[in-house]
Amino acid sequence: MVKIKSSRQLVSMTKDSSSRHPAFEARSSDSDTSDEESDHLDAISSRKKRKLSADFSQDEEDDDQDDQDESDDDDEDEDEVDGKKQQPAAKPTLTFNAPSRIKRQPAKGDSERIAKGQPVTDAEMEDAVQSIAQAAGKKRILAPTDQNTTFESLGVEPWLVQSLANLAVKRPTGIQKGCIAEILKGRDCIGGSRTGSGKTIAFAVPILQKYAQDPELALQIYEQFKAVSSPHVLKAALIIGGSDMRSQAIALAQRPSIVIATPGRLADHIRSSGEDTICGLRRVKFLVLDEADRLLSSKGPGSMLPHIDECMAVLPPPEDRQTLLFTATVTPEVRALKEMPTRPGKEPVHVCEVDTQVLAIPDSLKQSYIQLTVTHREHFLHEFLLTDANAERSIIIFVNRTSTAQFLHHLLRLLDHRVTSLHSKLRQQQRIDNLGRFRASAARILVATDVASRGLDIPEVSVVVNYDLPRDPDDYIHRVGRTARAGRKGEAVNFVGQRDVELVLAIEKRVGRPMEKWEEEGVNLETRVIRDSLKLVSEKKREALLNIEENREVGGRRKRQKLKLGAV
1 MVKIKSSRQL VSMTKDSSSR HPAFEARSSD SDTSDEESDH LDAISSRKKR
51 KLSADFSQDE EDDDQDDQDE SDDDDEDEDE VDGKKQQPAA KPTLTFNAPS
101 RIKRQPAKGD SERIAKGQPV TDAEMEDAVQ SIAQAAGKKR ILAPTDQNTT
151 FESLGVEPWL VQSLANLAVK RPTGIQKGCI AEILKGRDCI GGSRTGSGKT
201 IAFAVPILQK YAQDPELALQ IYEQFKAVSS PHVLKAALII GGSDMRSQAI
251 ALAQRPSIVI ATPGRLADHI RSSGEDTICG LRRVKFLVLD EADRLLSSKG
301 PGSMLPHIDE CMAVLPPPED RQTLLFTATV TPEVRALKEM PTRPGKEPVH
351 VCEVDTQVLA IPDSLKQSYI QLTVTHREHF LHEFLLTDAN AERSIIIFVN
401 RTSTAQFLHH LLRLLDHRVT SLHSKLRQQQ RIDNLGRFRA SAARILVATD
451 VASRGLDIPE VSVVVNYDLP RDPDDYIHRV GRTARAGRKG EAVNFVGQRD
501 VELVLAIEKR VGRPMEKWEE EGVNLETRVI RDSLKLVSEK KREALLNIEE
551 NREVGGRRKR QKLKLGAV
């Protein structure tokens with residue numbers, strides 16, 4: 001079984017909403033925020049506007065070459081944040097670029113217009129997307145709502161039910177009710193459900209059970225279960241960037257039962273590691289695309305579709321494997337895969353969507369905003385972290401740039417906060433170590449880019465802070481999905497500058513709920529900033545910037561003292 005995960009992985013507003021935001025009335029005509037707020041101004045798409053005409057084939061080749069040259073020169077954080085969302089899409093013909101290569105038939109009259117070189121309008125393109133989404137939506141199957149449904153009634157074997165109970169998982173969630181039984185029947189499946197709803201268990205349980213149906217493997221599981229009371233006998237290989245290629249090639253050559261990989265690194269092995277390494281991939285029985293919306297997105301130079309295509313080329317054809325797609329945001333590209341042709345006698349693709357639109361975020365999540373001036377953003381953050389309600393909480397702070405993550409990591413450590421960071425400029429082992437510190441509560445604050453917005457399941461996270469608001473509302477959903485998971489309570493606090501109005505409105509429209517003004521009894525952040533933080537934070541800010549300029553590592557108090565003694 002191969003599980004391909006997104007490499008970013010290892011959140012209705014009325015017209016008078018501005019009355020809730022006093023400073024929102026002064027709207028800037030420029031939608032881009034300042035450099036302190038986000039990295040949008042550095043994006044390739046902000047510097048380049050692509051033109052599309054009826055005969056655009058040559059122009060598109062030139063643009064693609066220019067994009068490639070620019071992306072090679074840009075740093076890694078642009079590829080991480082801006083590349084995936086900010087590239088303005090060209091107006092294509094009425095097709096969807098997906099690994100299945102399925103193309104929608106043009107509507108009546110479209111073929112003639114395209115043949116004559118007449119461009120497709122924005123309205124027509126939007127109608128085409130909506131028609132495909134509606135057609136797929138009519139055929140989708142919603143999850144059972146019976147509150148008495150159990151894992152046993154879904155066909156899960158007793159040994160797996162006991163293993164789930166040991167993990168405190170006793171009742172299936174909506175996505176698990178809708179998918180487990182169908183996957184056990186051998187059907188391909190597309191599952192959509194909000195973050196924290198148990199999508200991983202929805203595909204892991206039936207895969208483990210079907211593996212155990214092999215007599216020899218079942219015997220191994222039984223013997224291991226008797227020995228150590230745990231059915232962990234399947235060999236798994238983790239194939240991700242930042243780790244040693246040779247050791248990964250050896251692991252693949254040993255024919256692991258499960259391969260968990262990012263598309264780019266797996267494609268590297270397919271190209272360079274030889275047939276002995278990848279021959280096991282040709283017998284794959286299950287293919288899981290986790291965070292399928294990200295994997296199948298064709299937007300921007302950060303698209304993973306080319307790597308996905310390389311991986312698909314060595315896997316068995318669709319009729320000889322079971323394909324499972326799971327995501328929190330079901331996009332038209334994902335829905336279009338339902339129309340994949342199937343071999344005669346094979347069940348059609350099963351589609352199950354649970355709370356993907358109506359409830360983009362859970363009811364147990366409290367959303368609030370703090371209105372501030374951009375120049376004092378870090379001052380407000382420091383005072384927010386010191387309030388009585390937040391002093392002991394586990395908090396994730398999301399930013400849009402790796403440089404901002406580095407700066408906040410240095411600054412908050414200098415201000416004596418227990419903090420660590422997670423972003424693309426860290427080595428892979430350092431990312432793993434930092435995440436381990438946060439999970440173990442050695443650090444109570446994690447400063448992260450969107451590399452941490454998907455897939456992290458840390459039940460103890462109480463608050464998500466959007467230090468920079470995301471450019472895309474779907475990214476907001478994934479960010480705030482790191483808290484209020486599996487029915488727990490959580491809070492999302494958004495730092496809102498004077499130019500963030502449109503972003504706030506777009507987010508509120510997407511999630512269907514307005515944000516409330518952040519309040520804590522007896523606390524006035526603005527007063528605290530003026531009284532306590534202006535001088536202190538400004539001094540530590542200069543020291544943090546100096547440490548970054550001198551390429552010093554983030555260290556605790558003892559390490560900083562050693563550095564100063566060494567300098568003397």
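If you read the sequence shown in the UniProt record's numbering, its first letter stands for residue 1, the second for the next number, and so on.
Each residue gets a CB set at the ideal place from its N, CA and C atoms; glycine is no exception.
Where the beta strand (DSSP E) through residue i begins and ends
i, result
"residue 260", "258-261"
"residue 491", "490-496"
"residue 238", "236-239"
"residue 371", "365-371"
"residue 324", "322-327"
"residue 3", "2-4"
"residue 353", "350-354"
"residue 191", "189-193"
"residue 397", "394-398"
Residue i classed as buried or exposed, judged by whether at least 16 other C-beta atoms fall within 10 angstroms
i, result
"residue 186", "exposed"
"residue 352", "buried"
"residue 406", "buried"
"residue 413", "buried"
"residue 500", "buried"
"residue 193", "buried"
"residue 530", "exposed"
"residue 375", "exposed"
"residue 443", "buried"
"residue 177", "buried"
"residue 345", "exposed"
Simplified DSSP assignment, three categories, for residue i
i, result
"residue 436", "helix"
"residue 337", "helix"
"residue 286", "strand"
"residue 466", "strand"
"residue 421", "strand"
"residue 407", "helix"
"residue 297", "coil"
"residue 415", "coil"
"residue 575", "Nothing about residue 575 can be read from this structure; the chain reaches only from 1 to 568."
"residue 167", "coil"
"residue 448", "strand"
"residue 461", "strand"
"residue 516", "strand"
"residue 265", "helix"
"residue 318", "helix"
"residue 25", "The pLDDT assigned to residue 25 is 42, lower than 50, so where the model puts this residue is not dependable; a value taken from the coordinates is nonetheless given after this. DSSP places residue 25 in helix when its eight states are reduced to three."
Delimiting residues of the alpha helix (DSSP H) encompassing residue i
i, result
"residue 381", "377-386"
"residue 549", "534-549"
"residue 199", "199-212"
"residue 253", "245-253"
"residue 176", "174-184"
"residue 527", "525-528"
"residue 312", "305-314"
"residue 503", "501-511"
"residue 480", "473-480"
"residue 276", "275-278"
Beta-carbon separation (whole angstroms), residue i vs residue j, contact threshold 8 angstroms
i, j, result
"residue 285", "residue 248", "Between residue 248 and residue 285 the Cβ distance is about 21 angstroms, and since that is not below 8 angstroms, they are no contact."
"residue 576", "residue 464", "The shown model of the chain, from 1 to 568, leaves out residue 576, and the question about it has no answer."
"residue 445", "residue 418", "6 angstroms"
"residue 381", "residue 467", "6 angstroms"
"residue 175", "residue 198", "6 angstroms"
"residue 329", "residue 474", "5 angstroms"
"residue 422", "residue 435", "6 angstroms"
"residue 237", "residue 256", "4 angstroms"
"residue 503", "residue 469", "5 angstroms"
"residue 343", "residue 319", "4 angstroms"
"residue 370", "residue 447", "Going by Cβ atoms, the distance from residue 370 to residue 447 rounds to 17 angstroms, so no, they are not a contact pair."
"residue 291", "residue 454", "5 angstroms"
"residue 324", "residue 183", "7 angstroms"
CB contact below 8 angstroms: residue i versus chain B
i, result
"residue 380", "Going by chain labels, chain B is absent from the structure shown, which holds only one protein chain."
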